[in-house]
Amino acid sequence: MTFTTKKIAVVLPAYNEELTVGKTIEGFYQALPQAAIWVVNNRSSDKTESVAKETMARLGCTGGVINEPRPGKGCAVRRAFMEIEADVYLLADADMTYPASQAQELLAPVLAGEADMVVGDRHCEGDYASENKRAFHNVGNILVRKLVNGLFQARLSDILSGYRAFSRRFVKTYPILVDGFEIETDVTLHALDKRMTILEIPVRYKDRPPDSFSKLSTMRDGMRVIFVIGKILRYYKPLRFFFSAALIAAISGLLAGWPVLQEYFNTGYVSHVPLAILASGCEVVALLLASVGLILDTIAHQERARFERELLSRTYKNPCGLPRE
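Quick note on numbering that gives the first Met the number 0: the sequence shown kicks off at 0 and runs consecutively.
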């Protein structure tokens, strides 16, 4: 498969990136002159839209600017995936942090049918740790990576990378239900849960230019990512989620009921009535949580089976996911 015969879409979500969007477009145009470059202007209040349009007109590249009024990177990516038709999609940020020169490396495995998603790994070369000026972000990356790998028995290095290539099959079967910067975590967990093929390729990374400012908030967006992991655990691993809650409730009931049991076996009476009621309530809650976990686990299994049947029912003329004509 060659790059010249496939329809490639470069998707660049942008929020107030007037200082960097032009250079970013130029970089990807030089690396992929045949690709359609799409800037998703996400409620920018600066000149992001006009700079993007002027740069594209000057270069003569295909693509355009899509305006997404709802705030959040997740909304921007959702809009792009819904409206843009291509054989393969390349997602990057419009802040000059990801090297456009490595775009073909990310696209090649998808075009060859070797992967549904290719992730640009910023950590392998050590660039992210040295270039990133926000210390807690490194800690957050490690925490999220350990959580995701532990939950899904995976060995991924960069869960939060914004530099990714996707097959058409992946894009058109991925429901985006998050709004903000949790999108990277969500797309990774979706790929793991649906057994999509994931590859990681080391990429260089550099921090934003001095006059360009990140829109990320370490605490706010970090909590959002953790919340997304909790939701995915609840939605995709309900047995583990509800059994853990049931275990906590059961242990709490035993601790509350231990004095009651001791008193009963020693005297034959129960004077700690409130503790007895609390212990009984905890055990009932534990039983209900375990039952809910079993029921939802069965539903999740059926949903995975439905998704697999949906994939099998699609007929492709190539591994990138174009339907047969």
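All C-beta atoms in this analysis are idealised placements derived from N, C-alpha and C, irrespective of residue type, glycine included.
Predicted model only: the values in this text are computed from it and were never measured.
Run the CB neighbour count on residue i, radius 10 Å, all protein chains shown included, and call it buried at 16 or more, exposed below.
| i | result |
| --- | --- |
| residue 257 | exposed |
| residue 168 | buried |
| residue 304 | exposed |
| residue 102 | buried |
| residue 187 | buried |
| residue 121 | buried |
| residue 117 | buried |
| residue 300 | exposed |
| residue 140 | buried |
| residue 184 | buried |
| residue 309 | exposed |
| residue 31 | buried |
To the nearest angstrom, report how far apart residue i and residue j are at their CA atoms.
| i | j | result |
| --- | --- | --- |
| residue 123 | residue 160 | 12 angstroms |
| residue 233 | residue 150 | 11 angstroms |
| residue 78 | residue 285 | 42 angstroms |
| residue 174 | residue 28 | 29 angstroms |
| residue 155 | residue 144 | 7 angstroms |
| residue 266 | residue 254 | 19 angstroms |
| residue 231 | residue 58 | 42 angstroms |
| residue 264 | residue 274 | 16 angstroms |
Look up residue i in the DSSP assignment and say whether it is helix, strand or coil.
| i | result |
| --- | --- |
| residue 343 | Residue numbering for the chain in the displayed model covers 0 to 324; residue 343 lies beyond these limits and cannot be assessed. |
| residue 198 | strand |
| residue 203 | coil |
| residue 143 | helix |
| residue 267 | coil |
| residue 283 | helix |
| residue 7 | strand |
| residue 237 | helix |
| residue 153 | coil |
| residue 45 | coil |
| residue 12 | strand |
| residue 34 | coil |
Locate the alpha helix (DSSP H) running through residue i, then write down its first and last residues.
| i | result |
| --- | --- |
| residue 163 | Run containing residue 163: none in the alpha helix (DSSP H); it sits in the beta strand (DSSP E), 163-166. |
| residue 108 | 102-110 |
| residue 177 | Premise fails: residue 177 is in no alpha helix (DSSP H) and is neither H nor E. |
| residue 72 | 72-82 |
Since residue i is in the beta strand (DSSP E), which residue starts that stretch and which ends it?
| i | result |
| --- | --- |
| residue 90 | 87-90 |
| residue 95 | From DSSP, residue 95 is part of no beta strand (DSSP E); its letter is neither H nor E. |
| residue 62 | 62-66 |
| residue 119 | 116-120 |
Can residue i be considered in contact with the ligand COA, in the sense that its beta carbon sits closer than 7 angstroms to one or more heavy atoms?
| i | result |
| --- | --- |
| residue 291 | Among the ligands in the structure shown, none appear at all, so the ligand COA cannot be discussed. |
Q) Do the stretch 105-114 and the stretch 191-210 touch if we need at least three Cβ pairs shorter than 8 angstroms? A) The stretch 105-114, when compared against the stretch 191-210, does touch it at the 8 angstroms Cβ threshold.
Q. On the three-pair Cβ rule with 8 angstroms, is the stretch 7-17 touching the stretch 42-53?
A. Yes, the stretch 7-17 is in contact with the stretch 42-53.
Q.
Between the stretch 68-86 and the stretch 45-54, can you find at least three pairs of beta-carbon atoms closer than 8 angstroms?
A. No: fewer than three Cβ pairs fall under 8 angstroms.
Q) Do the stretch 244-252 and the stretch 283-299 make contact, defined as three or more Cβ pairs closer than 8 angstroms? A) Three or more Cβ pairs closer than 8 angstroms define a contact, and the stretch 244-252 meets that threshold against the stretch 283-299.
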